[in-house]
Amino acid sequence: MCQVGEDYGDPAPEAPLPPRPGRELKCVKCKEGLPTVVIRAGDAFCRDCFKAFYVHKFRAVLGKNRLIFPGEKVLLAWSGGPSSSSMVWQVLEGLSRDSAKRLRFVPGIVYVDEGAACGQSLEDRTKTLAEMKLILQTVGFPWHIVALEEVFSLPPSVLRCFAQEPAGTKGAYKAAVDSFLQQQHAPAPGEEQLSQSGTQDLQSPAVLPTAAQTEAQPPTAAQTEAQPPTAAQTEAQPPTAAQTEAQPPTAAQTEAQPPTAAQTEAQPPTAAQTAALFRLFDSVKTLTAKEELLQTLRTHLILHVARTHGYSKVMMGDSCTRLAIKLMTNLALGRGAFLAWDTGFSDERHGDVVVVRPMRDHTLKEVAFYNRLFAVPSVFTPAIDTKAPEKASIHRLMEAFMLRLQAQFPSVISTVYRTSEKLVKAPRDGSADGPPGTRCLLCTCTLDIDTADSATAFGAQTSHLSQTQPPTPPAEAPTTPCCSAAVGRAQGCCWGAGPCGRGDPRARVIEQLCYGCRVNMKDLPSLDPLPPYILTEAQLRSQRAWVLQEMQEYLVEDSDDEAQTGES
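Note that full-length UniProt numbering has the sequence shown beginning at 1, numbered continuously upward.
Shown next as structure tokens:
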């Protein structure tokens with residue numbers, strides 16, 4: 001033990017403190033410039049090298065996967081946040097003429113106004129939209145602004161998976177690039193004829209006009225287009241409607257792509273739609289279910305915009321940090337079977353529209369540094385969990401846990417992210433009772449289930465639903481007319497087992513959901529506030545399943561001997 005009068009000798013000499021990372025060092029890339037950014041311990045970059053490093057990561061992800069073909073229309077999902085704004089800026093710089101390896105797809109931007117679900121007033125939403133339009137006009141891409149209230153006017157086809165085009169091979173991608181380059185370098189037929197005629201005119205001096213002929217003859221159509229109008233002509237002739245609408249392209253449009261007039265803005269939502277959206281989110285009990293519902297509705301709306309305007313790819317701005325948090329959150333929400341689709345580079349669950357995540361290699365720290373150094377504009381919009389306590393939802397709790405752990409152990413985010421890259425998009429072995437291709441009604445993921453496997457939580461819930469079905473009432477004349485009496489169906493169509501809805505509508509919807517969506521639907525007491533397209537699609541699927549079940553009785557199955565003979 002220490003004694004009061006004990007002498008411990010002279011104090012140890014003070015050693016010089018080690019230099020902090022980034023000071024008195026050189027850039028790890030060029031070994032010459034002074035470091036401006038320290039991404040990790042020992043990784044100090046100067047301004048130019050950090051930009052090259054950041055841009056290379058974005059281009060490498062697109063080049064390695066080769067999912068976006070030249071000339072393809074790609075929709076950029078922009079929320080105004082740092083990550084999605086950086087993604088838009090990367091595409092804008094990649095399409096410029098000064099870029100070393102130019103991007104070859106045709107971009108467009110979509111912004112979903114979620115102010116009604118987040119509790120914003122009409123004045124705040126109008127101010128936010130004005131800021132968004134200012135940035136969109138600066139970028140110069142075709143843009144589409146939609147309000148979240150438009151989910152109440154979506155068609156049921158949004159929830160259906162359409163046939164996907166077969167994925168092209170490496171040779172097909174190279175052939176598409178070569179064809180695209182040849183089309184760019186090949187002159188147009190009119191330009192080729194004009195150049196040939198101009199060459200002949202220069203080579204033959206006999207056809208050169210004299211000064212008198214030049215004064216006497218009126219100018220040709222080509223000369224009229226080439227010469228700008230005088231001030232008197234501009235004042236005398238008012239511009240036509242087409243000239244008024246066709247404004248000259250901005251500098252960003254000139255460098256990025258040919259100008260197009262695809263800037264669409266939806267009409268302001270009606271008071272009834274806004275009230276319906278308020279009623280929907282007010283009926284949800286927990287913040288966790290609200291966040292999942294908001295994400296689902298946002299995805300359906302973006303998918304509808306992409307299909308309506310002919311976009312085959314949708315770019316999301318999910319960063320590496322956000323995907324790592326999403327992976328852990330989805331595990332807690334019971335969505336472990338779909339992690340490869342929810343966090344992977346590509347998500348092909350919708351068939352004709354593929355979701356890609358090109359920012360998945362960038363951390364939030366790198367995104368913040370890049371936006372700060374190169375003045376990337378962004379707009380802050382409050383989310384549904386803004387100012388919520390840490391334990392208000394599973395999303396907030398997992399985000400706080402991961403960021404706190406990342407601050408203590410800097411390799412946590414990268415470790416979780418690298419684990420997600422190893423996930424394979426393959427169904428679980430074993431047979432499922434449902435028909436092949438059955439998909440969740442909300443998230444549209446394949447229901448890879450086995451209702452007989454009661455050891456899983458999904459099997460336990462499914463067996464519980466089958467045991468709690470309401471009993472079939474006696475065969476009596478219904479008080480209301482049968483919905484299918486005109487087509488002469490059986491009376492059971494309208495009683496319990498039929499698709500027409502005299503049974504429990506909630507059970508009919510729940511049985512078409514995956515486990516994660518079923519857990520969230522527990523926090524929604526009634527299905528009445530849901531958008532009509534969800535309930536309509538649920539009824540159509542129930543009717544389709546009932547018809548298939550009725551047809552099974554009249555189908556003749558091949559015997560084992562006939563099946564073996566057919567295979568041979």
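The C-beta atom is built at its ideal place from N, Cα and C for all residues, glycine as well.
How long is the line joining the alpha carbons of P529 and T308, rounded to whole angstroms?
-> Translated into the one-based positions of the sequence shown, residue 529 becomes position 529. Translated into the one-based positions of the sequence shown, residue 308 becomes position 308. Take the alpha-carbon of P529 and the one of T308: they are about 26 Å apart.
* Would you tell me roughly how many angstroms separate the C-alpha atoms of L297 and E32, rounded to the nearest one? => Within the sequence shown, the letter at position 297 stands for residue 297. Within the sequence shown, the letter at position 32 stands for residue 32. Whole-angstrom Cα-Cα distance: 50 Å.
- Return the CA-CA distance between S420 and G336, expressed in angstroms with no decimal places. For this step, residue 420 is matched to residue 420 along the sequence shown. For this step, residue 336 is matched to residue 336 along the sequence shown. Each residue's alpha carbon lies about 11 Å from the other.
request  = Name the one or two DSSP bridge partners that residue 648 has.
outcome  = Since the displayed the chain opens at 1 and closes at 568, residue 648 lies outside it and no answer follows.
- Task: Indicate the three-state DSSP secondary structure (helix, strand or coil) for Q552 in the structure shown.
- Result: Your numbering for residue 552 matches position 552 in the sequence shown. It is helical.
Quick one: any contact between the region 264-283 and the region 101-109, if contact means 3 or more CB pairs under 8 Å?
The region 264-283 is not in contact with the region 101-109.
In angstroms with no decimal places, state the Cα-to-Cα distance between K422 and A163. The residue you call residue 422 lines up with position 422 of the sequence shown. The residue you call residue 163 lines up with position 163 of the sequence shown. Taking the straight line joining both Cα atoms gives about 27 Å.
Could you give the first and the last residue of the continuous alpha helix (DSSP H) run that contains V412? Translated into the one-based positions of the sequence shown, residue 412 becomes position 412. Looking at the DSSP string, the run of the alpha helix (DSSP H) that includes V412 is 412-421.
Given a cut-off of 8 Å, decide if I413 and M402 are closer than it, judged by their beta-carbon atoms. Working through the sequence shown from its first residue, we reach residue 402 at position 402. Working through the sequence shown from its first residue, we reach residue 413 at position 413. In contact: M402 and I413 (Cβ atoms closer than 8 Å).
Coarse secondary structure for residue 569, derived from DSSP in three states: No statement about residue 569 is possible, as the shown extent of the chain runs from 1 to 568 and does not include it.
Classify A400 as helix, strand or coil using the three-state DSSP reduction. Taking the sequence shown and counting its residues from 1, one reaches residue 400 at position 400. Looking at A400 - three-state DSSP - the assignment turns out to be helix.
Query raised in the report: Around the Cβ of G64, are there at least 16 other Cβ atoms within 10 angstroms (buried) or fewer (exposed)?
Result: The count along the sequence shown starts at 1 and reaches residue 64 at position 64. One detail in the question is off: residue 64 reads as Lys in this sequence, not Gly. Only exposed fits K64, as fewer than 16 other CB atoms lie within 10 angstroms of its CB.
For V314 and A306, believed in contact at Cβ under 8 Å, the rounded distance: Translated into positions along the sequence shown, residue 306 becomes position 306. Translated into positions along the sequence shown, residue 314 becomes position 314. Taking a contact as a CB-CB distance under 8 Å, the pair A306 and V314 counts as one, their CB atoms being some 5 Å apart.
Self-check item: Nearest candidate by alpha-carbon position, reference R439, set C514, I135, V354, R418
Solution: As a first step, residue 439 is located in the sequence shown; it is residue number 439 there, counting from the start. For the options C514, I135, V354, R418, the alpha carbon positioned closest to that of R439 is the one of C514.
Q) From K73 to L67, what does the alpha carbon distance come to, in whole angstroms? A) Numbered from 1 along the sequence shown, position 73 holds the residue referred to as residue 73. Numbered from 1 along the sequence shown, position 67 holds the residue referred to as residue 67. Each residue's Cα considered, the two are about 12 Å apart.
- Message: Tell me the rounded alpha-carbon separation between S99 and N520.
- Response: On the sequence shown, residue 99 is found 99 positions in, with the first residue counted as 1. On the sequence shown, residue 520 is found 520 positions in, with the first residue counted as 1. N520 has its alpha-carbon roughly 46 Å from the corresponding atom of S99.
Exercise. Which residue's Cα is closest to the Cα of D385: Q408, L441, Q120?
Worked result: Taking the sequence shown and counting its residues from 1, the one referred to as residue 385 is at position 385. Measuring from the Cα of D385, the nearest candidate turns out to be Q120.
Helix, strand or coil for R307? Go by DSSP, reduced to three states.
Taking the first residue of the sequence shown as position 1, residue 307 is located at position 307. Judged by DSSP in its simplified three-state form, R307 adopts helix.
For K522, count the other beta carbons within 10 Å of its own beta carbon; 16 or more makes it buried, fewer makes it exposed. Which is it? Within the sequence shown, the letter at position 522 stands for residue 522. By the neighbour-count rule (16 or more Cβ atoms within 10 Å), K522 is not buried but exposed.
Q. Taking buried to mean at least 16 other C-beta atoms within 10 Å of its own C-beta, is S542 buried or exposed?
A. Here residue 542 corresponds to residue number 542 of the sequence shown, with the count starting at 1. Buried: at least 16 other Cβ atoms inside 10 Å.
Self-check item: Nearest neighbour of V355, chosen from H304, A332, R125 [CA to CA]
Solution: As a position in the sequence shown, residue 355 is number 355, starting the count at 1. For V355, the closest alpha carbon among the candidates H304, A332, R125 is that of H304.
For my contact list, K326 and T299 are in at a C-beta cut-off of 8 Å; report their separation, rounded to the angstrom. Start at 1 with the first residue of the sequence shown, and residue 326 comes out as number 326. Start at 1 with the first residue of the sequence shown, and residue 299 comes out as number 299. 13 Å between Cβ atoms; not a contact.
Tell me whether the region 152-163 and the region 122-129 touch, counting them as touching only if at least three CB pairs, one residue from each stretch, are closer than 8 Å. The region 152-163, when compared against the region 122-129, does not touch it at the 8 Å Cβ threshold.
| query | Can you give the Cα-Cα distance for I510 and L555, rounded to whole angstroms? | reply | Taking the first residue of the sequence shown as 1, we reach residue 510 at position 510. Taking the first residue of the sequence shown as 1, we reach residue 555 at position 555. In a straight line, the C-alpha of I510 is about 29 Å away from that of L555.
### Query
Per DSSP, what kind of secondary structure is D352 in: helix, strand or coil?
Translated into the one-based positions of the sequence shown, residue 352 becomes position 352. Residue state, collapsed to three classes: coil.
For D43, the residue or residues it bridges with in DSSP: As a first step, residue 43 must be located in the sequence shown, where it is residue number 43. Per DSSP, R40.
Notebook entry, point to check: When DSSP labels each residue in this structure, what does V74 get in the three-state scheme?
Noted result: Your numbering for residue 74 matches position 74 in the sequence shown. Of the three classes helix, strand and coil, the one that applies to V74 here is strand, per DSSP.
* Asked: How close, in whole Å, do the beta carbons of L287 and A383 come, if the pair is a contact with beta carbons under 8 Å?
  -> Taking the first residue of the sequence shown as position 1, residue 287 is located at position 287. Taking the first residue of the sequence shown as position 1, residue 383 is located at position 383. Not really, about 11 Å apart at Cβ, beyond 8 Å.
Status (buried if at least 16 other CB within 10 Å, exposed otherwise) for F338 | For this step, residue 338 is matched to residue 338 along the sequence shown. The residue in question, F338, is buried, as its Cβ has 16 or more Cβ neighbours within 10 Å.
Q.
My parser needs the beta strand (DSSP E) runs of 3 or more residues fully inside the region 290-346; what are they?
A. Contiguous beta strand (DSSP E) elements confined to the region 290-346 occur at 313-315, taking only those with 3 or more residues.
Following a CB-centred definition, is L423 positioned closer than 7 Å to any heavy atom of the ligand MN? This structure simply doesn't include the ligand MN, nor any ligand for that matter.
Worksheet item: With 16 other CB atoms within 10 Å as the buried threshold, where does V139 fall?
Response: Taking the sequence shown and counting its residues from 1, one reaches residue 139 at position 139. By the neighbour-count criterion, in which 16 or more other beta carbons inside 10 Å mark a residue as buried, V139 falls on the buried side.
Inset, instruction - State yes or no: is the C-beta of L154 within less than 8 Å of the C-beta of P531? - result: Reading the sequence shown from its first residue, position 154 is the one you call residue 154. Reading the sequence shown from its first residue, position 531 is the one you call residue 531. The answer is yes: Cβ separation under 8 Å.
E93 - containing alpha helix (DSSP H), residue span:
As a working mapping, residue 93 is identified with position 93 in the sequence shown. 82-94 is the extent of the alpha helix (DSSP H) around E93.
Check whether the Cβ atoms of Q273 and E149 lie closer than 8 Å to each other. Here residue 273 refers to the residue found at position 273 when the sequence shown is read from its first residue. Here residue 149 refers to the residue found at position 149 when the sequence shown is read from its first residue. Closer than 8 Å, so yes.
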